[in-house]
Amino acid sequence: MDEMRFIEKLNSDNMIFHYTTSKTAIEDILPKNTLKLSKLINTNDPYEYKFMLFGGVGWGKVTEELIRDKHNPASTLLNKMRRNYCKIACFTMNGRIKGYLKTRMWTQYGDNHKGVCFVFNKDKLVENIKNQIEVLKEGKVIYNHYKEYENITFDFNELDKIEIDVFCKKYLNEKIEYLLFQKEEDFKDEVEYRIIAYKEDSEDKYIDIGNSLVAIIIGDRFPDGLLPSLSFFSKIIDVPCRRVYWEHGVPHILYCGTNGNKYEDEYDKLGLNPNKI
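Under this note's numbering, the sequence shown is numbered contiguously, ending at residue 278.
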């Protein structure tokens with residue numbers, strides 16, 4: 002594949018991007034060909050990792066027994082389902098800024114530009130995950146300052162008629178947009194795409210990514226000493242590797258030296274080596 006076609010592929014709408022540290026990339030993802038689906042309680046958004054209080058509406062008299070025997074246990078169980086049983090994989094997408102060129106993502110999730118951005122074929126990755134675990138939903142995150150919070154209430158009449166676990170699983174599926182796909186507007190530049198899987202235990206899940214990995218992009222500060230390991234895995238899984246190299250405020254996608262040559266040689270060809278400018 003020539004370089005122009007490769008960049009066009011990276012820029013396509015079906016690509017999603019996962020930033021991580023060099024340690025996680027080389028010690029976990031690449032050698033095991035797996036991706037971790039984390040519990041929601043381990044995320045960095047208090048709307049998601051904190052216990053959520055659910056209100057309730059309904060016709061007729063709301064008794065103390067209903068609150069004690071149904072509402073409170075349902076609220077506790079639903080929080081457990083949401084924060085522990087739901088397993089999440091988070092990505093960013095192409096948009097105004099390409100998914101692999103987002104400097105804040107490199108800083109926050111890519112170990113201050115020393116990490117890795119994995120490029121996945123979205124359709125293939127979702128299919129692989131669905132073959133291994135129940136997927137509740139996958140799609141784009143909504144950023145709205147939680148204006149939809151009023152939608153997160155229990156129907157007391159329905160709750161009173163069915164078993165708590167049945168009610169909670171039904172509620173989780175019906176309200177999944179509000180419970181798992183909305184974030185504070187402050188996160189909006191992440192342009193997040195997420196996959197929510199479900200397993201009734203409190204463990205993170207490691208999913209085989211199959212052949213869904215399209216490219217490995219390393220950061221501007223990726224340690225040169227780790228390039229031999231990266232080269233080994235890149236060849237074993239037959240996935241191309243590139244480096245995001247910043248020069249004079251402009252990002253460049255270059256070969257990263259995994260073929261045994263110093264990556265500075267690539268910069269020399271483009272007149273980008275700072276020692277020779």
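Even glycine gets a Cβ: it sits at the ideal position worked out from N, Cα and C.
- A distance below 8 Å between beta-carbons, with the five flanking residues on each side excluded, links D46 to the following residues of its chain, in chain order: K184, E185 and F188.
- The alpha carbon of V192 has as its nearest neighbour, out of Y144, E66, D209 and I68, the alpha carbon of Y144.
- If you draw a 10 Å sphere on the C-beta of M82, you find 16 or more other C-beta atoms in it, and that means buried.
- In the displayed model, K62 falls within coil according to three-state DSSP, outside both helix and strand.
- No residue range can be given for Y110, since it is assigned to no alpha helix (DSSP H) and is classified by DSSP as neither H nor E.
- Going by DSSP, E248 is part of the beta strand (DSSP E) stretching over C242 to E248.
- Within its own chain, the residues whose Cβ lies closer than 7 Å to the Cβ of N212, once the five positions on either side in sequence are excluded, are K125, listed in chain order.
- Beyond the five residues adjoining it in sequence on each side, E135 comes within less than 8 Å, by CB distance, of A198, Y199 and K200 in the same chain, given in chain order.
- In this structure H72 is buried. Its beta-carbon is surrounded by 16 or more other beta-carbon atoms within 10 angstroms.
- The region 207-240 is shown to contain whole beta strand (DSSP E) runs of 3 or more residues at 214-219, in chain order.
- Straight through space, the alpha carbons of L231 and L160 are spaced by roughly 53 Å.
- Per DSSP, reduced to three states, the secondary structure at D156 is strand.
- Apart from sequence neighbours up to five positions away, the residues of its chain that approach V63 with a beta-carbon distance below 8 Å are G57 and F157, ordered along the chain.
- At the C-beta level, I165 and P224 stay beyond 8 Å of one another.
- In this chain, S13 is not harboured by any alpha helix (DSSP H), its DSSP state being neither H nor E.
- DSSP places K103 outside any alpha helix (DSSP H), giving it a letter other than H or E.
- Under the criterion of beta carbons closer than 8 Å, I218 and R243 qualify as touching, at roughly 5 Å.
- With contacts defined by Cβ atoms closer than 8 Å, G100 and G220 do not form a contacting pair.
- Within the region 25-52, the beta strand (DSSP E) runs of at least 3 residues that lie entirely inside it are, in chain order, 35-40.
- C-alpha of I130 to C-alpha of N80: approximately 24 Å in a straight line.
- In the three-state reduction of the DSSP assignment, R83 falls in the helix class.
- Sorting A26, I42 and L41 by C-alpha distance to the C-alpha of T35 places A26 at the top.
- The Cβ neighbour count for V251, taken over all protein chains shown within 10 Å, is under 16; the residue is labelled exposed.
- By the neighbour-count definition (other C-beta atoms within 10 Å, threshold 16), N12 is an exposed residue.
- Residues of the same chain with a CB within less than 8 Å of the CB of N15, apart from the 5 flanking positions on each side, are N122, K123 and D124 in chain order.
- Looking at the DSSP output, G57 bridges to F155.
- I254 sits close to I8, with the two beta carbons spaced by under 8 Å.
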